[in-house]
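*Asks:* Taking the working numbering, the leading residue of the sequence shown gets 1, the next gets one more, and so forth.
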Amino acid sequence: MFKSLNLRTKFLISMGLVVLMSLSLVIAILSMNSVEMAKTLAYQVAEETARNNSNFIQAELEASMDTVRTLSYTFQEVALTKGTKREVLNNILINVLKDNPKFFGAWTLWEPNALDGKDSEYINKPGYDGTGRFIPYWSRLNGQPHLEPLVNYSIKGAGEYYLIPRETKRETIMEPYYYPVAGKDVLLTSVVVPLVVNNTFVGVVGVDITLDTIQKVVSEIRPLEIGYARLLSNQGKYVAHNEADKIGKTMQNLQGKEAVRLGESYTTTRNGVYEIYLPISVGRTSAPWSMVVGIPVEEILSKANSIRDFAIVIGVIALIIMGFVIYQVASSITNRYLMAEIRERSQIEEKALRFASIVESTDDGIIGMDPNGIILDWNRGAERIFGYLEREIVGKSIMKLIPQDKQCEFDEILCNILSQSLPMTHYETISQRKDGQLINVYYTVSPIKDHFGKIVGASNIIKDVTAERKLEKEMIRMDQMALVGEMAASIGHEVRNPMTTVRGFLQLLGEQKNTDKYSEYIPLMISELDRANAIISEFLSISRTKTTEFARQNLNDIIECILPLIQAEATSEEKLIKVELTAIPDLFLDHKEIRQVILNLTRNGLEAMDIGGCLTIRTFLNEQNVVLAIQDEGEGISPEVIDRLGTPFLTTKDKGTGLGLAVCFGIAARHNAKITAQTGKQGTTFLMKFALKQSDS
Numbered sequence: 001m002f003k004s005l006n007l008r009t010k011f012l013i014s015m016g017l018v019v020l021m022s023l024s025l026v027i028a029i030l031s032m033n034s035v036e037m038a039k040t041l042a043y044q045v046a047e048e049t050a051r052n053n054s055n056f057i058q059a060e061l062e063a064s065m066d067t068v069r070t071l072s073y074t075f076q077e078v079a080l081t082k083g084t085k086r087e088v089l090n091n092i093l094i095n096v097l098k099d100n101p102k103f104f105g106a107w108t109l110w111e112p113n114a115l116d117g118k119d120s121e122y123i124n125k126p127g128y129d130g131t132g133r134f135i136p137y138w139s140r141l142n143g144q145p146h147l148e149p150l151v152n153y154s155i156k157g158a159g160e161y162y163l164i165p166r167e168t169k170r171e172t173i174m175e176p177y178y179y180p181v182a183g184k185d186v187l188l189t190s191v192v193v194p195l196v197v198n199n200t201f202v203g204v205v206g207v208d209i210t211l212d213t214i215q216k217v218v219s220e221i222r223p224l225e226i227g228y229a230r231l232l233s234n235q236g237k238y239v240a241h242n243e244a245d246k247i248g249k250t251m252q253n254l255q256g257k258e259a260v261r262l263g264e265s266y267t268t269t270r271n272g273v274y275e276i277y278l279p280i281s282v283g284r285t286s287a288p289w290s291m292v293v294g295i296p297v298e299e300i301l302s303k304a305n306s307i308r309d310f311a312i313v314i315g316v317i318a319l320i321i322m323g324f325v326i327y328q329v330a331s332s333i334t335n336r337y338l339m340a341e342i343r344e345r346s347q348i349e350e351k352a353l354r355f356a357s358i359v360e361s362t363d364d365g366i367i368g369m370d371p372n373g374i375i376l377d378w379n380r381g382a383e384r385i386f387g388y389l390e391r392e393i394v395g396k397s398i399m400k401l402i403p404q405d406k407q408c409e410f411d412e413i414l415c416n417i418l419s420q421s422l423p424m425t426h427y428e429t430i431s432q433r434k435d436g437q438l439i440n441v442y443y444t445v446s447p448i449k450d451h452f453g454k455i456v457g458a459s460n461i462i463k464d465v466t467a468e469r470k471l472e473k474e475m476i477r478m479d480q481m482a483l484v485g486e487m488a489a490s491i492g493h494e495v496r497n498p499m500t501t502v503r504g505f506l507q508l509l510g511e512q513k514n515t516d517k518y519s520e521y522i523p524l525m526i527s528e529l530d531r532a533n534a535i536i537s538e539f540l541s542i543s544r545t546k547t548t549e550f551a552r553q554n555l556n557d558i559i560e561c562i563l564p565l566i567q568a569e570a571t572s573e574e575k576l577i578k579v580e581l582t583a584i585p586d587l588f589l590d591h592k593e594i595r596q597v598i599l600n601l602t603r604n605g606l607e608a609m610d611i612g613g614c615l616t617i618r619t620f621l622n623e624q625n626v627v628l629a630i631q632d633e634g635e636g637i638s639p640e641v642i643d644r645l646g647t648p649f650l651t652t653k654d655k656g657t658g659l660g661l662a663v664c665f666g667i668a669a670r671h672n673a674k675i676t677a678q679t680g681k682q683g684t685t686f687l688m689k690f691a692l693k694q695s696d697s
């Protein structure tokens with residue numbers, strides 16, 4: 001559709017797209033930069049706010065810890081003096097409470113009789129429980145100091161304000177907890193220091209701070225007037241929160257909770273809010289708290305979005321102005337030079353399309369590759385030769401088409417072509433199809449150069465000559481068989497007559513008396529004459545002039561007829577025979593010749609196996625063929641030999657004549673059948689395929 005537009009319209013569309021893309025790119029970059037700048041600024045503000053306020057909270061808690069630490073030193077000194085101690089310590093606690101309005105309570109708890117040994121004198125008196133231990137708790141009640149005995153101090157969980165520092169012997173800031181004061185539960189935290197006299201733990205002293213006091217401080221923190229601050233205890237409980245109903249509850253962010261517990265800095269963006277966690281450590285405690293500052297990302301980006309919207313408005317105005325200018329310019333570009341250039345480009349495109357059509361229609365494979373041998377182009381001819389579709393092979397190495405033993409050779413050729421810029425023509429080698437089949441091919445490899453003359457790859461034109469090579473081998477084999485047949489026909493009769501005469505006289509000589517000294521040689525000579533006669537028979541079998549007597553019969557019947565003979569031979573060699581015959585139609589066969597083929601192939605299979613091996617004889621239908629398959633468990637046939645199977649005098653056996661398979665191939669040819677071999681390390685299978693159509697005719 002675009003081609004049918006006139007030049008001015010094409011120019012307008014092209015320039016309009018360029019301007020639109022340019023403006024869009026500028027707006028996008030401006031928008032991204034403004035967003036990043038806004039984020040960076042907000043993150044810096046959040047971090048600075050968190051750091052400043054964590055330092056403030058840390059200083060407040062440190063001041064409280066210093067007060068309690070001073071109390072511990074004072075109490076330890078009082079414990080070492082004589083006189084009334086309990087009244088002195090109570091007065092000190094009252095004064096601390098009066099001098100520090102931020103403290104809700106001040107208290108101490110001593111081990112039994114650890115202070116003055118007089119616990120029994122104070123049982124159930126004001127400020128004491130039934131133990132008489134020194135456990136005063138001074139709190140603010142209606143603005144005045146109020147005395148109660150500490151409670152639940154020996155109960156696990158409720159008494160952790162005492163049990164934890166007694167166990168750890170360390171300064172402690174308690175997790176937020178509820179403590180009953182004048183019958184009302186108060187949510188607070190405690191700063192506690194252990195009391196040690198003469199290296200012996202004697203009790204604890206502490207002050208309480210209500211979470212309301214801390215909440216007032218933290219709730220006033222508002223970074224950028226849109227954010228919030230929170231204070232977390234070591235176990236992830238909210239000491240202060242911008243939502244008051246969350247105070248005392250545990251946070252849900254498991255990663256953040258773990259970072260708080262370990263006293264590590266941590267940042268996250270959740271539910272559209274950027275949060276930064278900074279640890280707060282107080283005194284010699286082992287459980288740091290954490291200050292959290294959060295800023296909504298949407299609010300961060302609001303100013304950046306305003307900048308983006310302004311840029312879009314400016315861009316639209318600029319686009320309208322540029323569109324008008326482009327329209328005026330396009331109207332004036334109508335000269336013949338531009339039209340000539342367009343016609344030239346059109347001709348080039350047509351030529352390229354025509355060339356591509358030629359490449360796709362040729363039977364030869366054409367492959368384009370880069371200097372590293374990676375396939376870039378793949379025509380239909382290559383698909384036909386190698387079996388790979390274009391989408392399967394493009395992007396893969398050319399070595400995928402080269403057998404392992406030929407890869408170094410091809411790699412060297414490719415390197416020479418790319419380095420010397422000289423083509424390699426009609427290089428014959430072996431390639432490998434997708435299905436693993438090896439094929440004979442001609443390669444013509446040429447360098448590909450860009451317009452600067454630099455080599456940027458190579459083209460490879462492949463011609464499949466597998467069929468030609470098979471035909472050549474078959475013609476050579478047939479010529480050799482014809483020659484042997486002519487020799488057999490010419491000399492067979494002349495050689496057999498003298499041999500028959502010699503054999504007859506040897507038999508007569510063996511029947512004579514006084515031949516004992518020759519008795520062991522005469523049978524040997526007769527056996528060798530019989531062997532020579534068998535070789536001549538094989539010669540005559542190869543002869544093309546031999547008459548073949550065809551009759552309709554079943555291949556399975558022939559196999560079953562000679563099976564006892566085959567089994568007897570296998571048994572004598574301590575080997576096994578396995579027969580798998582399926583129902584097959586009758587064929588026009590020469591019974592004697594097919595019998596000879598089966599005996600030759602089974603004998604070869606038995607000789608190829610070690611003791612205990614199993615030879616399998618099968619018949620089956622495959623498409624339009626009746627197939628005879630004889631499979632051994634030998635070591636297989638080497639590639640050098642398998643290509644020449646059926647050639648007269650070719651043998652791998654010490655006493656072989658090389659005529660057995662040649663005879664089989666000749667018989668197969670007279671029956672319009674084909675013999676093929678499949679070999680590997682697990683053995684060899686010979687397949688003789690009889691065409692049903694040819695047999696019926």
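All residues carry an ideal CB built from backbone N, CA and C; glycine is no exception.
Should Gly634 go down as buried or exposed, given a rule of 16 or more other Cβ atoms within 10 Å for buried?
*Replies:* Within the sequence shown, the letter at position 634 stands for residue 634. Counting Cβ neighbours within 10 Å, Gly634 comes out buried, since at least 16 surround it.
*Asks:* What residues are listed by DSSP as bridge partners for Leu621?
*Replies:* One-based indexing of the sequence shown puts residue 621 at position 621. Paired residues: Val626.
*Asks:* Using the DSSP secondary-structure output, state which residues sit across from Asp185 in a beta bridge.
*Replies:* Within the sequence shown, the letter at position 185 stands for residue 185. Asp185 is bridged to Pro180.
*Asks:* Whose CA, out of Glu48, Phe201 and Tyr153, lies closest to the CA of Glu171?
*Replies:* If you number the sequence shown from 1, residue 171 lands on position 171. Nearest option by C-alpha distance: Phe201.
*Asks:* Pop quiz: Pro296 and Gly263 are said to be a contact at Cβ under 8 Å. What is the actual Cβ separation, rounded to whole angstroms?
*Replies:* On the sequence shown, position 296 is the one that residue 296 refers to. On the sequence shown, position 263 is the one that residue 263 refers to. Contact doesn't hold; Cβ gap of about 27 Å is too wide.
*Asks:* What is the residue span of the alpha helix (DSSP H) that Asp557 lies within?
*Replies:* By one-based count along the sequence shown, residue 557 stands at place 557. First-last of the alpha helix (DSSP H) with Asp557: Leu555 to Ser572.
*Asks:* Compute the Euclidean distance between the alpha carbons of Tyr716 and His591, then round it to the nearest angstrom.
*Replies:* Residue 716 lies beyond the range of the chain shown here (1 to 697); nothing can be said about it.
*Asks:* Pop quiz: Leu17 and Leu319 are said to be a contact at Cβ under 8 Å. What is the actual Cβ separation, rounded to whole angstroms?
*Replies:* Your numbering for residue 17 matches position 17 in the sequence shown. Your numbering for residue 319 matches position 319 in the sequence shown. Actually they do not touch by this definition, with Cβ atoms about 11 Å apart.
*Asks:* Taking Thr362 as the reference, which of Ile558, Ile94 and Lys463 has the closest Cα?
*Replies:* Reading the sequence shown from its first residue, position 362 is the one you call residue 362. Nearest C-alpha to Thr362: Lys463.
*Asks:* How would you label Gly183, buried or exposed, when you count the other beta carbons within 10 angstroms and need 16 or more for buried?
*Replies:* Reading the sequence shown from its first residue, position 183 is the one you call residue 183. The residue in question, Gly183, is exposed, as its Cβ has fewer than 16 Cβ neighbours within 10 Å.
*Asks:* If we count the other Cβ atoms within 10 Å of its Cβ and call it buried at 16 or more, is Gln437 buried or exposed?
*Replies:* Here residue 437 corresponds to residue number 437 of the sequence shown, with the count starting at 1. The residue is exposed, with fewer than 16 neighbouring Cβ atoms inside 10 Å.
*Asks:* Between which two residues does the alpha helix (DSSP H) carrying Lys592 extend?
*Replies:* As a position in the sequence shown, residue 592 is number 592, starting the count at 1. His591 to Ala608 is the extent of the alpha helix (DSSP H) around Lys592.
*Asks:* Comparing alpha-carbon positions, which option in Lys98, Trp110, Asn253 and Asn53 lies nearest Ala79?
*Replies:* Taking the first residue of the sequence shown as 1, we reach residue 79 at position 79. Of the listed residues, the one whose Cα sits closest to Ala79 is Trp110.
*Asks:* Is the segment 148-164 in contact with the segment 126-136, if contact means three or more CB pairs nearer than 8 Å?
*Replies:* Because the criterion of three Cβ pairs below 8 Å is met, the segment 148-164 and the segment 126-136 touch.
*Asks:* Between which two residues does the beta strand (DSSP E) harbouring Asn199 extend?
*Replies:* What you label residue 199 is simply residue 199 of the sequence shown in a count that begins at 1. Segment: none, Asn199 is in no beta strand (DSSP E) and carries neither H nor E.
*Asks:* For Lys655, which residues from the same chain have a beta carbon less than 6 Å from its beta carbon, with the 5 sequence-adjacent residues on both sides left out?
*Replies:* Mapped onto the sequence shown, residue 655 falls at position 655. At Lys655 the pLDDT is 49, less than 50, meaning the model places this residue with poor confidence; the figure from the coordinates comes in the next sentence. There are no such residues.
*Asks:* Would you give the residue range spanned by the alpha helix (DSSP H) that Asp99 belongs to?
*Replies:* By 1-based counting over the sequence shown, the position of residue 99 is 99. That run of the alpha helix (DSSP H) goes Arg86 to Asp99.
*Asks:* Any idea if Leu422 is buried or exposed, counting beta-carbon neighbours within 10 angstroms, 16 or more meaning buried?
*Replies:* By one-based count along the sequence shown, residue 422 stands at place 422. Burial call: exposed.
*Asks:* Touching or not, the segment 567-580 and the segment 614-623, by the rule of three or more beta carbon pairs under 8 Å?
*Replies:* Yes, the segment 567-580 touches the segment 614-623.
*Asks:* So Ser120 is in the alpha helix (DSSP H); what residue range does that whole segment cover?
*Replies:* The residue you call residue 120 lines up with position 120 of the sequence shown. Run containing Ser120: none; DSSP gives neither H nor E here.
*Asks:* From the DSSP output, read off the bridge partner residues of Met21.
*Replies:* The sequence position of residue 21 within the sequence shown is 21, counting from 1. Looking at the DSSP assignment, Met21 forms no beta bridge with any residue, so it has no partner.
*Asks:* What three-state label does DSSP hand Ala259 in the structure shown?
*Replies:* In the sequence shown, the residue the question calls residue 259 occupies position 259. It is helical.
*Asks:* Where do the ends of the alpha helix (DSSP H) carrying Glu171 lie?
*Replies:* In the sequence shown, residue 171 corresponds to position 171, counting from 1. Premise fails: Glu171 is in no alpha helix (DSSP H) and is neither H nor E.
*Asks:* For Gln631 and Lys689, I'd like the C-alpha separation in whole angstroms.
*Replies:* As a position in the sequence shown, residue 631 is number 631, starting the count at 1. As a position in the sequence shown, residue 689 is number 689, starting the count at 1. Going from the Cα of Gln631 to the Cα of Lys689 covers about 14 Å.
*Asks:* What do you reckon, are the CB atoms on Asp435 and Gly365 nearer than 7 Å?
*Replies:* As a working mapping, residue 435 is identified with position 435 in the sequence shown. As a working mapping, residue 365 is identified with position 365 in the sequence shown. No. Outside cutoff.
*Asks:* Straight-line CA distance for Asn55 to Asp245?
*Replies:* Working through the sequence shown from its first residue, we reach residue 55 at position 55. Working through the sequence shown from its first residue, we reach residue 245 at position 245. Rounded to the nearest angstrom, the two C-alpha atoms are 25 Å apart.
*Asks:* How close, in whole Å, do the beta carbons of Met369 and Gly457 come, if the pair is a contact with beta carbons under 8 Å?
*Replies:* Along the sequence shown, read from residue 1 onward, the residue named residue 369 stands at position 369. Along the sequence shown, read from residue 1 onward, the residue named residue 457 stands at position 457. Indeed, because the Cβ distance is near 6 Å, the residues count as touching under 8 Å.
*Asks:* Please confirm whether Glu390 and Trp378 have their CB atoms less than 7 Å apart.
*Replies:* The residue labelled residue 390 in the question sits at position 390 within the sequence shown. The residue labelled residue 378 in the question sits at position 378 within the sequence shown. Yes, the Cβ-Cβ distance between Glu390 and Trp378 is below 7 Å.
*Asks:* Determine whether the beta carbon atoms of Leu211 and Val181 lie at a separation below 7 Å.
*Replies:* As a first step, residue 211 is located in the sequence shown; it is residue number 211 there, counting from the start. As a first step, residue 181 is located in the sequence shown; it is residue number 181 there, counting from the start. For Leu211 and Val181, no; Cβs fall outside 7 Å.
*Asks:* Can you tell me whether DSSP reads Phe310 as helix, strand or coil?
*Replies:* In the sequence shown, counting from the first residue as 1, residue 310 sits at position 310. Helix at Phe310.
*Asks:* Shortest alpha-carbon distance to Gln596 belongs to which of Thr268, Ile558 and Ser281?
*Replies:* By one-based count along the sequence shown, residue 596 stands at place 596. If we check each option's Cα against that of Gln596, Ile558 comes out closest.
*Asks:* Considering only the alpha carbon of each residue, which of Ser233, Gly206 and Val205 lies closest to Ile214?
*Replies:* As a first step, residue 214 is located in the sequence shown; it is residue number 214 there, counting from the start. Here the closest residue by C-alpha is Ser233.
*Asks:* Quick one: what's got a C-beta closer than 7 Å to Ser72's C-beta in the same chain, skipping five residues either side?
*Replies:* On the sequence shown, position 72 is the one that residue 72 refers to. Excluding positions up to five away in sequence, the list reads Val193, Leu195 and Val205.
*Asks:* Suppose you measure from the CA of Tyr266 to the CA of Asn53; what does that come to, to the nearest Å?
*Replies:* Against the sequence shown, residue 266 aligns to sequence position 266. Against the sequence shown, residue 53 aligns to sequence position 53. Looking at the two C-alpha atoms, the distance is approximately 16 Å.
*Asks:* Thinking Leu97 and Pro145 are a contact (beta carbons under 8 Å), I'd like their distance in whole angstroms, please.
*Replies:* For the purposes of this step, residue 97 is identified with residue 97 of the sequence shown, where counting begins at 1. For the purposes of this step, residue 145 is identified with residue 145 of the sequence shown, where counting begins at 1. Confirmed, Cβ separation roughly 6 Å.
*Asks:* Which residue from Met174, Ser64, Met65 and Val197 puts its Cα closest to that of Thr81?
*Replies:* For the purposes of this step, residue 81 is taken as residue 81 along the sequence shown, with counting starting at 1. For Thr81, the nearest C-alpha among the options comes from Val197.
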